[in-house]
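For the record, in the sequence shown the residue sitting at position 140 is 140 according to UniProt numbering, with numbers rising by one throughout. Below is one structure; the comments refer to it alone.
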Amino acid sequence: MPKIEPKFELALRRTIFYSVLIVIYLFLGATILSLIRPPRYDKGSLDKLERIDVKRAELLNVLWAETLAKSENDWEELANQKMEAYEKALLSSASSLVEQRDFSFWGHFERSFAMITTIGPIDCRELSTFAKIFCFIYALLGVPLTLLYLEKCNQMASSLCSTGKTLVAATSLIFFGAIIYDIVEQGSDDTPFIDAMFSVFLQFSTIGEEDPRVRGFFTYTLCLFGLSLMSVTFIIIQQELCKVRAVIGCLVDSLQSNQQCR
Numbered sequence: 001m002p003k004i005e006p007k008f009e010l011a012l013r014r015t016i017f018y019s020v021l022i023v024i025y026l027f028l029g030a031t032i033l034s035l036i037r038p039p040r041y042d043k044g045s046l047d048k049l050e051r052i053d054v055k056r057a058e059l060l061n062v063l064w065a066e067t068l069a070k071s072e073n074d075w076e077e078l079a080n081q082k083m084e085a086y087e088k089a090l091l092s093s094a095s096s097l098v099e100q101r102d103f104s105f106w107g108h109f110e111r112s113f114a115m116i117t118t119i120g121p122i123d124c125r126e127l128s129t130f131a132k133i134f135c136f137i138y139a140l141l142g143v144p145l146t147l148l149y150l151e152k153c154n155q156m157a158s159s160l161c162s163t164g165k166t167l168v169a170a171t172s173l174i175f176f177g178a179i180i181y182d183i184v185e186q187g188s189d190d191t192p193f194i195d196a197m198f199s200v201f202l203q204f205s206t207i208g209e210e211d212p213r214v215r216g217f218f219t220y221t222l223c224l225f226g227l228s229l230m231s232v233t234f235i236i237i238q239q240e241l242c243k244v245r246a247v248i249g250c251l252v253d254s255l256q257s258n259q260q261c262r
């Protein structure tokens, strides 16, 4: 049975501790945001209402233009068609407004996760004044908490895995996350696999995606592992870049010394 190094064991314990603490903190943030009343109006809703008004005016203009040119039966048929089109547009707009604004507990959980992991993005129109004030304090405490978690993950990975194994693990997790993405998308041919991999990479690297479709508790857990592995990967790349910079610096110094000797 392989012996576990004390350094790895200590980092593992602290990683588990901070993971549990982050989950509790996320539930706390989602609960408080759920208790805060959402804003009543936003710019997106007003824009949709303006487009509805334009469509209504267009409908009336078409009906007025066709009144004199058509018989009563033809005009009635045209009016019914236009009214049905207008009603469908109205229902579609109303349903899209409901879909875009998710004020459920899990919607607030997702916002909390996006804030403390810096993945984002956060739509300010979805937050009231009191919610924005709370998010100031919540993010100021949550982001350092996530950084502490990532620091312990780095210590654990550096004491356990080599550079090559870490890079392979990060790539494998992105590939596995892309498969999960494809399953959530129900295998749609409209989403190429490379797009799924890129979407997962945006989440793991904290760059973020404007409209992420992969959600759920399992996805958040996978994302926590992805954040830790990508953090270790970035540190490895940073160290390699420092080595390259040192080599280039030595070459420049040697060239300068040769020129001075001449």
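Yeah, the Cβ is synthetic: ideal placement off N, Cα and C, and Gly gets one too.
Task: Inter-stretch contact (C-beta, 8 Å, three-pair minimum) for the segment 170 to 182 and the segment 197 to 210 - done: yes
Open item on the list: Quick check: the Cα distance between S34 and F103, rounded to an integer number of angstroms?
Closed with: 7 Å
Task: Spatially closest choice to Q37 from R111, T129, V252, I236, by CA coordinates - done: Note that residue 37 is Arg in the sequence shown here, rather than Gln. That would be T129, whose Cα lies nearest to the Cα of R37.
Open item on the list: With distance defined between alpha-carbon atoms, name the residue in A11, V54, R111, E9 nearest to L28.
Closed with: R111
Open item on the list: Mapping the DSSP letters down to three states, classify E5 as helix, strand or coil.
Closed with: coil
TODO: Count the other C-beta atoms from every protein chain shown that fall within 10 angstroms of the C-beta of V252, then say buried if there are 16 or more, exposed otherwise.
DONE: exposed
Open item on the list: Which same chain residues end up closer than 7 Å to L26 when comparing Cβ atoms and leaving out the 5 residues on each side of it in sequence?
Closed with: F109, S112, F113
Open item on the list: Counting beta carbon pairs with one atom in the segment 219 to 231 and one in the segment 131 to 143, are three or more of them shorter than 8 Å?
Closed with: no
Task: Boundaries (first-last residue) of the alpha helix (DSSP H) holding G107 - done: 105 to 116
Open item on the list: Would V232 and A157 qualify as a contact pair, given that the criterion is a beta-carbon distance under 8 Å?
Closed with: yes
- [ ] Report yes or no: is there a C-beta of chain B within less than 8 Å of the C-beta of D182?
- [x] As a matter of chain content, chain B is missing from the structure shown, which is built from one protein chain.
Task: S257 burial status per 10 Å Cβ neighbour count (16 or more: buried) - done: exposed
Open item on the list: Less than 7 Å separating the Cβ of P144 from some heavy atom of the ligand ATP?
Closed with: This structure lacks the ligand ATP; in fact it carries no ligand of any kind.
TODO: State the Cα-Cα distance for the pair T166 and E84, rounded to the nearest angstrom.
DONE: 58 Å
Open item on the list: In this structure, how does DSSP classify P192 when only helix, strand and coil are distinguished?
Closed with: coil
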